[in-house]
Structures are given as structure tokens and as C-alpha cells.
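Numbering (the working numbering), first residue to last: 82 to 539.
Using N, Cα and C, we set each Cβ at its ideal position, and we do this for glycine too.
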Amino acid sequence: MRLVVISNRVPAPTAATGAGGLAVALREALSRTGGIWFGWSGDRSAERALEPSVVQASNIAFTTVPLTDDDFERYYCGYSNRVLWPLFHEQLHAMEYRDTYRESYEDVNTYFADVVAARLEPDDFIWIHDYHLIPLAEELRKRGVTAPIGFFLHIPFPPFDVFRALPKRRSLLRSFFSYDLVGFQTAMDARHFADAVTREIGASVGEDGTVAEMEGQRVRFSDFPIGIDVAATSHTALASRSTDTGQRLTRALRGRKLVIGADRLDYTKGLVDRFLAFERFLEKYGSAVDDQMIYVQITAPSRENVEEYQEITRQLEAEAGRINGCYNSIYWTPLRLIEQQVPRNTLLGYFSLSHVGLVTPLRDGMNLVAKEYLAAQTPEDPGVLVLSSLAGAAEELGDSAVLVNPYSADEVAEGIYRALSMPFEERRSRWERGIEVLESNTAEIWRERFLDVLQSCA
Ligand code: GDG
Numbered sequence: 082m083r084l085v086v087i088s089n090r091v092p093a094p095t096a097a098t099g100a101g102g103l104a105v106a107l108r109e110a111l112s113r114t115g116g117i118w119f120g121w122s123g124d125r126s127a128e129r130a131l132e133p134s135v136v137q138a139s140n141i142a143f144t145t146v147p148l149t150d151d152d153f154e155r156y157y158c159g160y161s162n163r164v165l166w167p168l169f170h171e172q173l174h175a176m177e178y179r180d181t182y183r184e185s186y187e188d189v190n191t192y193f194a195d196v197v198a199a200r201l202e203p204d205d206f207i208w209i210h211d212y213h214l215i216p217l218a219e220e221l222r223k224r225g226v227t228a229p230i231g232f233f234l235h236i237p238f239p240p241f242d243v244f245r246a247l248p249k250r251r252s253l254l255r256s257f258f259s260y261d262l263v264g265f266q267t268a269m270d271a272r273h274f275a276d277a278v279t280r281e282i283g284a285s286v287g288e289d290g291t292v293a294e295m296e297g298q299r300v301r302f303s304d305f306p307i308g309i310d311v312a313a314t315s316h317t318a319l320a321s322r323s324t325d326t327g328q329r330l331t332r333a334l335r336g337r338k339l340v341i342g343a344d345r346l347d348y349t350k351g352l353v354d355r356f357l358a359f360e361r362f363l364e365k366y367g368s369a370v371d372d373q374m375i376y377v378q379i380t381a382p383s384r385e386n387v388e389e390y391q392e393i394t395r396q397l398e399a400e401a402g403r404i405n406g407c408y409n410s411i412y413w414t415p416l417r418l419i420e421q422q423v424p425r426n427t428l429l430g431y432f433s434l435s436h437v438g439l440v441t442p443l444r445d446g447m448n449l450v451a452k453e454y455l456a457a458q459t460p461e462d463p464g465v466l467v468l469s470s471l472a473g474a475a476e477e478l479g480d481s482a483v484l485v486n487p488y489s490a491d492e493v494a495e496g497i498y499r500a501l502s503m504p505f506e507e508r509r510s511r512w513e514r515g516i517e518v519l520e521s522n523t524a525e526i527w528r529e530r531f532l533d534v535l536q537s538c539a
């Protein structure tokens, strides 16, 4: 038995261990059984490749192909990031549909299928990741692949009333039926999926809501909330407190409490609304917290070629300048915007030294920052997570975080104040509940649960 993982991007073999939880979890799964990690190399070239480039690192073959400029514009920036990403996050105003995007999406999935199908062995099983590659199993089946194929959607599945805004959506829904198993982040996503396939393409869903059937095709589906490596995250965070960067932050804080946010730069993360909520917090509580706290927002650049992302950068810079302009004084600048990717251990150290973690996406499949933030705290002085009720993580962490509606600046402002002033006993008991949840569903447990069910489909 050999595992074949397929995702839009494949991490460099050398980078995977330093990267976030997901890359590590998948790499571990691959190293256990040996296998292939296939996807886009991140390069663009004039022609698609007939033969992939393969870098063998111990028992894993990192197998990649380039995209053409057209593929990049239409499949990646277009259908994946301007259609499916906003649609699935219920941000219809950001959706920009074109038939040419959809055609390119389908075409790149056939390109991937051609390259992968030629490299499969009889007892392989295949795990496909995320919204870029929904039709891939169907294309593999057309090429005679009979291996078990699983799919995991990292982002939310939208309610049917939102989903039906997608033009020509039926074939996308039908393509889910070529999988043996489809995993979602939350039970709500799985329900939305069941609703869409029954209402749109007349599938029937079994009473327990985990099997859908259509024209003789049958797919199992369920929620498999993604986890993190709690022990490694906590260990790295603790170790990072006493490094130079950790000590430098402690000195810079001069006893002030740190509110921290760290997000990929993306409109779904609700950063502009978060800044406005922080302004509301300063309006309401500014005199009480004057020079007693600072808010640091780290935004790691992403998808820089997509115009909307450049626009958020401009908005954030303008808002940060305006808010600081209103509230800073000779001794206090309340908001600091750091527009760069911080090394992972430094970031976890910052989480550990902070008092409040601010995670307020407008919608999110799960949100690993929320989980990493809790794992980075210590029982001696745990920080408080202020979490959007619209993040998938809220389904598991509702008892341990201060839940807020990210669309309400008042609620977020109050959440920040409540977190900053929360008594030790309450902080500790909330954190303990959170850690218990995280330990009961680590990255390893998530992966093994999914692969066990997938194997049982063989
Ligand atoms: C998708 C879904 C789902 C952030 N800033 C820095 C940095 N990060 C790391 C975090 C975390 C990762 O990036 C972000 O993960 P999220 O889960 O928050 O968000 P997406 O990238 O949108 O991921 C999401 C996830 O897939 C997994 O299924 O949870 O809902 O959208 O690990 O720590 N890392 C470093 N520097 C930074 O400045 N090193």
C-alpha cells in the first residue's frame, strides 16, 4: 500500500519540516507508507510538462509540474481564487466568474490526471486536497483508476442559497461522486454539502447523513476537523520565549499587555473589520488601557498577483495610519502592522508572550492560528483567544475562547476588553478546556482517522 497525496502546491522537500502543521502532518503520513506528493511546482513555463520533475527525499517522491501563464491566470488566480474561494467563504461580492476560468480549471485537472495516472501502482490509495482539485477524481476514474480516492476540503462548504450563485455548478457537484470519501472541516460543512447534492442534482442522502448516492455512484462524507501537533507547537513556543527575539519583544513591551493577530493577507480573515473593531475598542476603553497594551498585527503576504490582495494591503496601511493618528501619543502607539512573514518559532514565541490572540475571520474552514495560539500558552499565565464565531474552529473551541461576531465592531471591541481583563482562574480554566480539545484531535489523529476510513472503502 502506497499513499499518493495531491494538492495544488507541493512544498519543497527541504522546507516541509519548518512549515506549518498541515505540511508536516501530510509529510509524516507519506513517510509512514512511502509515496508520492504531487502538484504544481510553483513555476510557470511556456508549455505544460509531459514528464513531471521528481525529487526523491527518503521514501517520498516530490513530483511536480509547472503551469503555463494561462493556467496560472485562469485556473489558479481565476476559477480557484476569484470564484471558488470567495463563493465558498460566502463573499459573493468578491466573486468574478468567467466561463474561460471554469474551462481552464477543468483543463488543468485533466493535465494533473494525465500525469498522475501514468505514475500510479495497483495498490495505491490517493488523497486529494482542497478546492483547486475537486474534479480530479472524476478525471482519474476516466483514465481507469480504481484505487480508493479521498478528498479533503480545507475551506468551508457554503449553504445552498450561496452555492447556487455559481454558474454551471452541476458538473462540479457531480464530480464529488467519483470519490470514495469526502472530508469537511465541520459538521455544518457536511450538512451544506448534503443539502447541495440533494437539492441541485437529486442525490439521496442516507439517514445518518454520511452517504450520498446518485445514479449508482456512492460517496461517503463526514466532518474531519483538522488538528495541530499540540506538543511540538507548545514546545517550540516555550523555547522561543527565551531566544533573542523573545527577549527583545519582552523588553519592547515594557510590561504592557500584547494583543496579537497573525494571518495570511486575505479578505476572508477580516483584517480591515478587525482594525475598525480595534478603533471601537480604543474609543470605548482607550482611556482605561492607555499605554497598558499594544496590538500587533502580523500579515504574511499571499497571492500577491491577485489585485484584491494588493487592495487589502493599501486599506490596512491606511487604516493603521489613521487609527494611530487618532490615538497615538508621545509615549504610546497602540497599533503596529507588520507586513511580513515571521519565522514560525518567532511567531509561536510571540503568541506565548501575548495576553490576547485576536482571530476574527469573516469565514474560515478551520483556522489553525486559533489552535496554535492556545497550544502556545502556558498554564502559569495563559493568554485568551478572541475567536470569530464564523471560523470552523469555533465549533470545537466555543467553550475555551471568547466568541465574537466579526461583523460587529462592538462585539469584537468588548471581546478584546473582556479578554484583557479576565481573571487568572477563568483564563486558566478556559485554556485547560481548549488544550483538552486540541489533544483529543491532533494533526496525527485527524490524518489517521481520515486514512482509516478511506482504507475501509478499499
Ligand atoms: C486553509 C483554510 C484551514 C500565518 N502567519 C504567519 C504564519 N502563519 C501560519 C499560521 C498557520 C497558517 O499560516 C495559516 O493557517 P490557517 O488555518 O489560519 O489559514 P489558511 O492559510 O487560510 O488555511 C483554513 C487550513 O487551510 C488548514 O486546513 O484551517 O481554514 O483557509 O499555520 O501559523 N506562519 C509563519 N509566519 C507568519 O507570519 N511562519
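Residue i, buried or exposed, once every other Cβ within 10 Å from all chains shown has been counted against 16
i, result
"G479", "exposed"
"D270", "buried"
"P487", "buried"
"G99", "Residue confidence for G99 is low, a pLDDT of 45 falling below 50, so the modelled location carries little weight and cannot support an answer."
"Y212", "buried"
"R224", "exposed"
"M82", "exposed"
"I526", "exposed"
"N89", "buried"
"E400", "buried"
"G264", "buried"
"I341", "buried"
"I411", "exposed"
"Q421", "exposed"
"G159", "buried"
"A127", "exposed"
Check whether residue i and residue j have beta carbons under 7 Å apart
i, j, result
"K350", "P415", "no"
"A358", "A474", "no"
"D261", "P306", "no"
"P240", "F169", "no"
"W121", "L165", "no"
"F548", "V197", "No statement about residue 548 is possible, as the shown extent of the chain runs from 82 to 539 and does not include it."
"Q172", "G446", "no"
"K338", "L455", "no"
"L217", "F233", "no"
"F254", "I236", "The identity of residue 254 in the sequence shown is Leu, whereas the question assumes Phe. Not a contact, by the Cβ cut-off of 7 Å."
"V103", "L84", "The identity of residue 103 in the sequence shown is Leu, whereas the question assumes Val. Cβ distance not < 7 Å, so L103 and L84 don't count as in contact."
"P382", "L346", "yes"
"E219", "S161", "no"
"V440", "R508", "no"
"R528", "A106", "yes"
"V483", "E492", "no"
"P94", "A138", "yes"
Rounded separation between residue i and residue j - CA only
i, j, result
"H436", "V450", "15 Å"
"N409", "L418", "14 Å"
"L372", "E453", "In the sequence as displayed, the identity of residue 372 is Asp instead of Leu. Their Cα atoms are separated by approximately 27 Å."
"T394", "Q536", "44 Å"
"N190", "N448", "27 Å"
"R499", "L468", "12 Å"
"V226", "F153", "27 Å"
"G287", "R301", "10 Å"
"V377", "E520", "28 Å"
"D304", "N405", "42 Å"
"S433", "T523", "19 Å"
"A275", "A284", "9 Å"
"P92", "R444", "25 Å"
"E175", "P167", "The sequence given here places Ala at residue 175; Glu does not occur at that position. Rounded to whole angstroms, A175 to P167 spans 6 Å at the Cα level."
"R567", "V86", "Shown here, the chain extends from 82 to 539; a query on residue 567 therefore has no answer."
"R299", "T279", "13 Å"
"G116", "I141", "5 Å"
"M374", "R514", "26 Å"
"E506", "D462", "10 Å"
"R329", "M503", "26 Å"
Simplified DSSP state of residue i, which is helix, strand or coil
i, result
"T114", "helix"
"A97", "With a pLDDT of only 43 at A97, under the threshold of 50, the placement of this residue in the model should not be trusted; the figure read from the coordinates follows. In the structure shown, A97 sits in a helix (DSSP, three-state: H, G or I)."
"P424", "coil"
"Y178", "coil"
"V263", "strand"
"A106", "helix"
"Y212", "helix"
"Y390", "helix"
"P147", "strand"
"Q137", "strand"
"E159", "Inspection of the sequence shows that residue 159 is occupied by Gly rather than by Glu. In this structure, G159 counts as helix in the three-state DSSP scheme."
"Q536", "helix"
Minimum Cβ-Cβ distance from residue i to chain D less than 7 Å
i, result
"E364", "Among the chains in the structure shown there is no chain D, since it carries only a single protein chain."
Original post:
Are there three or more Cβ pairs, one per stretch, closer than 8 Å when the stretch 173-183 is compared with the stretch 204-211?
Top reply: Short answer: they don't touch.
Subject >> the stretch 304-323 / the stretch 419-429 touching (three or more Cβ pairs under 8 Å) >> reply: Segments in contact, yes.
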